[in-house]
Structures are given as C-alpha cells and as structure tokens.
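Quick note: to get the numbering used here, add 375 to the position in the sequence shown (first position is 1). Below is one structure, written out as structure tokens; the observations come after it.
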Amino acid sequence: MLDNKSILITGGTGSFGKKFIEMIFNKYNPKKVVIYSRDEYKQFLVKNMFSKKLTVEQMSKLRFFIGDVRDKDRLYRAFKDIDYVIHAAAMKQVPACEYNPFEAIKTNIHGAQNIVDAALDRGVKKVVALSTDKAVNPINLYGGTKLVSDKLFVSANAYSGENGTVFSVVRYGNVAGSRGSVIPFFKNLIEKGATVLPITDFRMTRFWITLEEGVELVFKALEESKGGETYISKIPSFKITDLAKAMLPDCELKEIGIREGEKLHEVMVTKDDSRLTYEYENHYIVYPHFDWWSSARHFTNGGDTIEEGFEYNSGTNKEWLNVEELRKRIEALDLER
Numbered sequence: 376m377l378d379n380k381s382i383l384i385t386g387g388t389g390s391f392g393k394k395f396i397e398m399i400f401n402k403y404n405p406k407k408v409v410i411y412s413r414d415e416y417k418q419f420l421v422k423n424m425f426s427k428k429l430t431v432e433q434m435s436k437l438r439f440f441i442g443d444v445r446d447k448d449r450l451y452r453a454f455k456d457i458d459y460v461i462h463a464a465a466m467k468q469v470p471a472c473e474y475n476p477f478e479a480i481k482t483n484i485h486g487a488q489n490i491v492d493a494a495l496d497r498g499v500k501k502v503v504a505l506s507t508d509k510a511v512n513p514i515n516l517y518g519g520t521k522l523v524s525d526k527l528f529v530s531a532n533a534y535s536g537e538n539g540t541v542f543s544v545v546r547y548g549n550v551a552g553s554r555g556s557v558i559p560f561f562k563n564l565i566e567k568g569a570t571v572l573p574i575t576d577f578r579m580t581r582f583w584i585t586l587e588e589g590v591e592l593v594f595k596a597l598e599e600s601k602g603g604e605t606y607i608s609k610i611p612s613f614k615i616t617d618l619a620k621a622m623l624p625d626c627e628l629k630e631i632g633i634r635e636g637e638k639l640h641e642v643m644v645t646k647d648d649s650r651l652t653y654e655y656e657n658h659y660i661v662y663p664h665f666d667w668w669s670s671a672r673h674f675t676n677g678g679d680t681i682e683e684g685f686e687y688n689s690g691t692n693k694e695w696l697n698v699e700e701l702r703k704r705i706e707a708l709d710l711e712r
C-alpha cells in the first residue's frame with residue numbers, strides 16, 4: 376500500500392515520527408519519506424540516528440524539510456508530489472499551551488487549516504491527523520485546539536469531491552514511554568534514588584498504547600479510510616498507582632493533587648458519539664454526521680453498532696493490566712533518554 380509512495384510527516388522528529396520511520400522502512404518500500412519540522416538540530420539528530428539503522432538505499436529515500444505548519448507557502452512547496460501526509464506536528468504540553476494560548480492556536484488550529492488547504496490544492500491522496508484524548512470533552516486549551524483541529528480535518532472531506540483528498544483522524548492518549556510521559560518521569564526519579572513517587576490522584580487511570588500500536592493504527596487509516604473517520608484502538612487500562620508499584624515495588628506513594636487541566640481518566644469515545652461509533656475487531660471508528668457522508672461510499676465493512684450511551688473510558692474499561700503485566704510491558708519498552 377505504501378510501496379513506491381511519497382509520504383510526508385509533519386513534526387516528524389518527535390517520538391511518533393521516529394517510530395514511523397523505523398516501521399515504514401521495515402514493512403514497505405516507499406519512494407521517499409519526508410520529515411517536515413522546524414528544528415534543524417532535531418533533524419540532524421534523527422538523520423544521524425537512522426544513518427546507523429537504515430541501509431544506504433533507504434537513507435537516500437529519507438528527506439528532511441525545514442518548515443513550520445504555520446507557513447502555508449512552505450507547506451505548498453513541501454507537498455509537491457506527495458501521496459500521503461501524516462500530521463503529527465502540534466504544541467502538546469498543557470502548561471505551555473495555557474501560558475501561550477495564541478501560539479497554540481497558531482500551530483494547532485491555523486496549522487491544521489494550512490495542512491488541509493495545501494493537501495487539497497496539491498492533490499495529496501490521503502491525510503491522517505494525530506489527535507488526543509484531551510480533544511474529547513476538553514478542559515484545557517491544548518484539548519480545545521485539538522478538538523477544533525479534528526473538526527477541521529473531518530469537515531475537509533466536504534471540499535474533496537469524488538476523487539479528492541481523503542482526510543481522517545487517529546486518536547489515542549499518552550503513549551507508553553514517549554517523551555514527557557509518566558514512565559520516563561518515574562524512571563528518572565528512581566535512577567536518582569527516589570523512594571517516594573508522586574501521584575497526582577490515587578484514582579487516576581490511563582489507557583496503555585505503545586508507539587508501535589500507534590503507528591499501526593495510522594497504517595490502518597492510510598489503507599482503509601474513505602473520509603471523515605476517527606480511529607481509536609481497543610487497548611487495556613491501568614492504574615497510575617499500579618504503574619508506580621511496577622516500576623519501584625517497595626516505593627511509598629505520595630498524593631500531590633491533580634494538576635490544572637489534568638483529567639482523572641482518559642475518554643476516547645463519548646456517550647454522545649456512541650450513536651456514530653462502530654466496533655471492529657481491534658479498534659473503533661467514530662463516523663461523522665454530515666450531509667456529504669454516506670454509508671454506501673464511506674463506511675468500512677465489518678463494523679458492529681455499539682450500545683447507545685457507551686463511553687470508552689480508561690476508568691470503566693473492560694481490560695486491565697495488573698502490576699506484574701505492567702512490569703513486563705515496561706521492561707519491553709525502548710525508553711528515550
């Protein structure tokens with residue numbers, strides 16, 4: 376499906392981008408993979424890292440393009456002859472977005488609109504935008520901007536026509552072991568000799584998804600999407616207290632209070648969205664409710680309706696990881712330093 380195709384990743388020097396590069400060259404033979412980002416030093420580091428992992432032929436297909444999603448002209452240049460776009464660029468840190476709201480809007484909302492315009496006008500075949508659980512019933516600015524971004528990408532299908540660009544969204548929460556997540560945070564404290572681990576709220580739960588699973592869901596969206604879908608993986612939940620015990624069995628836990636903009640549980644599908652959600656073997660798809668969407672043209676076969684009022688919530692999930700299962704999964708992670 377991606378053989379001999381040109382793929383561009385915005386924000387491609389982040390955790391997702393690096394795993395995507397690794398997996399796409401392991402599974403496919405793309406024509407080229409373009410890393411579009413604004414930090415030349417991170418591009419330098421990524422290029423050096425993959426020069427040791429990829430063959431000479433594969434490295435010749437890996438391209439680096441300095442640019443910002445805020446710059447529409449630069450996107451138009453970058454999207455020339457591109458088949459597929461993965462939109463991973465965003466301002467993601469909740470406190471940074473709260474303190475710099477205008478900047479978050481420029482990147483997460485205006486940047487999304489620029490991606491839509493450039494993809495439509497440049498004839499990109501498909502765009503998959505990465506979303507977050509924080510876009511569901513948002514309580515912070517980051518979530519609010521990503522909600523708007525998701526709406527922009529879904530609604531963009533109305534402008535595509537019969538054979539134009541197909542836009543879809545992939546949604547997941549914090550990725551296990553990714554930069555800035557709780558596992559590296561705990562690991563750093565433990566390496567410094569900590570015996571007490573801070574927990575914002577003892578009731579807190581999260582979904583468990585790895586970078587590999589996140590990339591696989593994007594591959595599925597690239598292969599199957601017909602326009603307007605939001606893809607969500609079916610994954611287990613865990614308690615943050617159990618995660619701490621898995622990493623430091625004899626630790627003391629200290630409840631420090633929930634942070635501004637933080638949720639007790641991750642929600643991927645709301646009760647209101649349940650009427651538009653279908654369950655597949657390993658994932659859910661939330662379909663849009665617009666005049667341009669039709670089941671005959673846009674529905675992916677094999678899905679079953681779910682009960683109205685269903686909510687996909689990490690706190691009420693059916694599948695859970697215990698302390699020992701968490702320990703095994705943490706040991707298998709390739710944690711970034």
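Where a beta carbon is used, it is the ideal one built from N, C-alpha and C, also for glycine.
Beta carbon of residue i nearer than 8 Å to that of residue j
{"i": "THR540", "j": "ALA494", "result": "yes"}
{"i": "SER524", "j": "ILE484", "result": "yes"}
{"i": "GLY548", "j": "ILE514", "result": "no"}
{"i": "ARG445", "j": "ASN489", "result": "yes"}
{"i": "SER689", "j": "PHE582", "result": "yes"}
{"i": "PHE577", "j": "MET622", "result": "no"}
{"i": "GLU473", "j": "LEU516", "result": "yes"}
{"i": "ARG672", "j": "LYS595", "result": "no"}
{"i": "ILE705", "j": "ILE615", "result": "no"}
{"i": "TYR655", "j": "GLY632", "result": "no"}
Rounded straight-line distance, which links the Cα of residue j to that of residue i
{"i": "ASN563", "j": "GLY519", "result": "30 Å"}
{"i": "ALA544", "j": "LEU628", "result": "A small correction: the amino acid at residue 544 is Val; Ala does not occupy that position in the sequence shown. Those two C-alpha atoms are separated by around 37 Å."}
{"i": "VAL499", "j": "ILE461", "result": "11 Å"}
{"i": "ASP625", "j": "GLU566", "result": "15 Å"}
{"i": "LYS402", "j": "LEU383", "result": "17 Å"}
{"i": "GLU694", "j": "SER612", "result": "6 Å"}
{"i": "TYR653", "j": "ALA569", "result": "45 Å"}
{"i": "GLU397", "j": "VAL469", "result": "28 Å"}
{"i": "ASN676", "j": "GLY589", "result": "22 Å"}
{"i": "ILE410", "j": "ILE457", "result": "12 Å"}
{"i": "ASN532", "j": "ILE441", "result": "28 Å"}
{"i": "ALA471", "j": "ARG546", "result": "21 Å"}
{"i": "LYS380", "j": "PHE542", "result": "17 Å"}
{"i": "MET344", "j": "MET643", "result": "In the structure as shown, the chain begins at 376 and stops at 712. Residue 344 is therefore absent and cannot be evaluated."}
Cutoff 7 Å; reference residue i; Cβ partners in own chain excluding five residues on either side
{"i": "GLY386", "result": "GLY392, SER412, ALA463, ALA464 and ALA465"}
{"i": "TYR534", "result": "LEU495"}
{"i": "THR645", "result": "VAL511, ASN512 and GLU686"}
{"i": "GLY684", "result": "LYS646 and SER649"}
{"i": "ASP617", "result": "ASN697, VAL698 and LEU701"}
{"i": "GLY486", "result": "VAL444, ARG445 and ALA464"}
Same chain, Cβ closer than 6 Å to residue i, five either side skipped, listed in chain order
{"i": "THR507", "result": "LYS521"}
{"i": "TRP667", "result": "ALA533"}
{"i": "GLU630", "result": "ILE574 and PHE577"}
{"i": "PHE674", "result": "none"}
Distance between beta carbons of residue j and residue i, contact taken as under 8 Å
{"i": "PHE400", "j": "LEU429", "result": "6 Å"}
{"i": "VAL491", "j": "PHE528", "result": "7 Å"}
{"i": "LYS455", "j": "ARG497", "result": "6 Å"}
{"i": "LEU597", "j": "HIS658", "result": "About 14 Å separates the two Cβ atoms, so there is no contact after all."}
{"i": "LEU708", "j": "GLY536", "result": "43 Å between Cβ atoms; not a contact."}
Beta-carbon proximity list for residue i, same chain, < 8 Å, skipping 5 on both sides
{"i": "TYR451", "result": "ALA493, ASP496 and ARG497"}
{"i": "VAL550", "result": "SER390, PHE391, SER556, ILE584, THR585, LEU586 and GLY589"}
{"i": "LYS394", "result": "LEU586, GLU587, GLY589 and VAL590"}
{"i": "GLU682", "result": "SER649"}
Is the segment 567–574 touching the segment 633–642, taking contact as three or more C-beta pairs under 8 Å?
no
Do the segment 595–608 and the segment 652–670 touch if we need at least three Cβ pairs shorter than 8 Å?
At 8 Å Cβ cutoff, the stretches touch.
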